[in-house]
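Numbering of the sequence shown is given in this note's numbering, commencing with residue 143 and proceeding in unit increments.
The beta carbon of each residue, even a glycine, is placed where N, CA and C say it ideally should be.
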Amino acid sequence: MQTNLADFIKHTREGKEADAILRNCVHCGFCTATCPTYQLLGDELDGPRGRIYLIKQVLEGKPATAKTQLHLDRCLTCRNCETTCPSGVQYGRLVDIGRKIVEVQVPRPLGQRVLRTALKQVLPRKWLFTPAMKAGQAVRGLLPKSLQNKVPPKQDAGAWPSRQHARKMLLLDGCVQPAMAPNINAAAARVFDALDVQLVIAPGAGCCGAIRHHLNDHDAGLKDMRRNIDAWWPLVEAGAEAIVMTASGCGVTVKDYGHMLAHDPAYAEKAARISLLTKDLSELLYEFDSALQAKLNGKIGKRVAWHPPCTLQHGQQIRGKVEGILRAAGVDVQLCNDSHLCCGSAGTYSVLQPELSYKLRDDKLANLQAGNPELIVSANIGCLTHLQSGTATPVRHWIELIDSALARA
Ligand code: SF4
Ligand code: SF4
Numbered sequence: 143m144q145t146n147l148a149d150f151i152k153h154t155r156e157g158k159e160a161d162a163i164l165r166n167c168v169h170c171g172f173c174t175a176t177c178p179t180y181q182l183l184g185d186e187l188d189g190p191r192g193r194i195y196l197i198k199q200v201l202e203g204k205p206a207t208a209k210t211q212l213h214l215d216r217c218l219t220c221r222n223c224e225t226t227c228p229s230g231v232q233y234g235r236l237v238d239i240g241r242k243i244v245e246v247q248v249p250r251p252l253g254q255r256v257l258r259t260a261l262k263q264v265l266p267r268k269w270l271f272t273p274a275m276k277a278g279q280a281v282r283g284l285l286p287k288s289l290q291n292k293v294p295p296k297q298d299a300g301a302w303p304s305r306q307h308a309r310k311m312l313l314l315d316g317c318v319q320p321a322m323a324p325n326i327n328a329a330a331a332r333v334f335d336a337l338d339v340q341l342v343i344a345p346g347a348g349c350c351g352a353i354r355h356h357l358n359d360h361d362a363g364l365k366d367m368r369r370n371i372d373a374w375w376p377l378v379e380a381g382a383e384a385i386v387m388t389a390s391g392c393g394v395t396v397k398d399y400g401h402m403l404a405h406d407p408a409y410a411e412k413a414a415r416i417s418l419l420t421k422d423l424s425e426l427l428y429e430f431d432s433a434l435q436a437k438l439n440g441k442i443g444k445r446v447a448w449h450p451p452c453t454l455q456h457g458q459q460i461r462g463k464v465e466g467i468l469r470a471a472g473v474d475v476q477l478c479n480d481s482h483l484c485c486g487s488a489g490t491y492s493v494l495q496p497e498l499s500y501k502l503r504d505d506k507l508a509n510l511q512a513g514n515p516e517l518i519v520s521a522n523i524g525c526l527t528h529l530q531s532g533t534a535t536p537v538r539h540w541i542e543l544i545d546s547a548l549a550r551a
């Protein structure tokens, strides 16, 4: 596609990146067919090709309007369009750049500003979010359904392993997951302990930066990223083999630190190394396959529906690994119809775009439950909580299944 970027952006780092991405798009529209919001709304501007066109117009100097902002807000950033695109258009990066400019040009109504500020200030801060979640859990039964959907019942994490191992890996504790589902990281630590690897949480590390970045506060997102690098670096230098991600939404972001901080001379090299060391849980356990299977010995034997989060299958392009690990452990893993589509969680999307989000959730649950599973498993805290809010079928992180099977072994 031909471009003619406006002077305000043409010579900037982001302008050059956006220009290169736009030029790769041949406007074929293949991506439109797999876009969840286009499928729901049937408007070209609610699909990737239309959004790319809107962003191009803004970058070429046409002032953004509230309508431009609405179509960009409705995008889930699921990146399904990237998987479909035959020309390798990096839509996710382009929409980040476009949204940031539109955010400056189009003032939001007061209600939206308050909500977005609250999300940016509270979610990434564990010291604010954890007590708020605890208070919500204490009165969960009295909360309206819309809030109950965001407040999972209190969960027992079980014991953290106490054995020391020579092999060590870092584990990102994150921001909201420890308060909402503390068993996930504890389960991961127990599974790695059984494989003689110690998972270590670095003091000072926290939110990966995705929340603020996707709410268009890129500077605050970068601050979160630099803080994590500072917290991890001494342990990386001391020989930590990997940085383990139990939430695919965090994993896709940390794997991108190298790109996000490439312009920062103080952090560029470290960020690139951190990204290289970062692995989704499934990538690491897939490598431990035979050792894990020897311990599990086909013990699980459940019928399970697997929901691969967009941040895993599209963002990180990881497919088949969780299914492989579970199948080898004796699980009857079902991949549902339209498994490439987003469940509607998408970070803060379920709060900011509830109507579309819940429609996508209900469609996803209908597909997941078509095979009558005993359990639904996924790999991201947002998807787990969102899906569980619409079904009585238990929804768990897949590592919890492996952990409970190891406990019985
Ligand atoms: S993003 Fe890719 S699939 Fe979509 S219109 Fe452009 S080239 Fe075609
Ligand atoms: S990221 Fe997802 S919702 Fe956004 S345009 Fe691409 S496919 Fe559609």
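{"Check": "Here's the rule: buried if 16 or more other CB atoms are within 10 angstroms of the residue's CB, otherwise exposed. What is threonine 420?", "Outcome": "buried"}
{"Check": "How would you write the range of the beta strand (DSSP E) that valine 342 sits in, first residue to last?", "Outcome": "339-342"}
{"Check": "Please determine if the stretch 494-511 and the stretch 400-417 are in contact, where contact requires at least 3 C-beta pairs separated by less than 8 Å.", "Outcome": "no"}
{"Check": "Using a Cβ-Cβ cut-off of 6 Å (strictly less than) and excluding sequence neighbours within five positions of arginine 332, which residues of its own chain qualify?", "Outcome": "Pro303 and Asp545"}
{"Check": "Where does the unbroken beta strand (DSSP E) through lysine 365 begin, and where does it stop?", "Outcome": "Unbroken run through lysine 365 is the alpha helix (DSSP H), 360-379; no beta strand (DSSP E)."}
{"Check": "For the beta strand (DSSP E) containing arginine 221, list its first residue and its last residue.", "Outcome": "From DSSP, arginine 221 is part of no beta strand (DSSP E); its letter is neither H nor E."}
{"Check": "If you follow the beta strand (DSSP E) that arginine 445 is in, where does it begin and where does it stop?", "Outcome": "445-448"}
{"Check": "Can we say the stretch 168-186 touches the stretch 486-504, given the rule of at least three CB pairs closer than 8 Å?", "Outcome": "yes"}
{"Check": "Just how far apart, CA to CA, sit valine 473 and proline 515?", "Outcome": "11 Å"}
{"Check": "How is the beta strand (DSSP E) around glutamine 476 delimited, first residue to last?", "Outcome": "474-477"}
{"Check": "Counting only runs that start and end within the stretch 163-203, where is the alpha helix (DSSP H) found for 4 or more residues in a row?", "Outcome": "178-183 and 190-201"}
{"Check": "Just the C-alpha distance for leucine 285 and glycine 278, rounded to the nearest angstrom, thanks.", "Outcome": "8 Å"}
{"Check": "Who are the Cβ neighbours of arginine 550 in its own chain at under 7 Å, not counting the five residues just before and after it?", "Outcome": "Lys441"}
{"Check": "Given the structure, does asparagine 222 come close to ligand 2, in the sense that its CB is under 6 Å from one of the ligand's heavy atoms?", "Outcome": "yes"}
{"Check": "What do you get for serine 424, buried or exposed, if any count of 16 or more other CB atoms within 10 angstroms of its CB means buried?", "Outcome": "buried"}
{"Check": "Exposed or buried, what is lysine 506 when buried is set at 16 or more other beta-carbons lying within 10 Å of its beta-carbon?", "Outcome": "buried"}
{"Check": "What is the DSSP secondary structure of arginine 538, counted as helix, strand or coil?", "Outcome": "strand"}
{"Check": "Using DSSP with H/G/I as helix, E/B as strand and the rest coil, what is lysine 268?", "Outcome": "helix"}
{"Check": "Taking 8 Å as the threshold, find out whether the stretch 517-530 comes into contact with the stretch 309-326 through three or more Cβ pairs.", "Outcome": "yes"}
{"Check": "Can you tell me the Cα-Cα spacing of arginine 235 and cysteine 392, whole angstroms?", "Outcome": "16 Å"}
{"Check": "Please report the straight-line C-alpha distance between leucine 313 and threonine 395, rounded to a whole angstrom.", "Outcome": "15 Å"}
{"Check": "Give a yes or no on whether the C-beta atoms belonging to asparagine 522 and alanine 389 are separated by under 7 Å.", "Outcome": "yes"}
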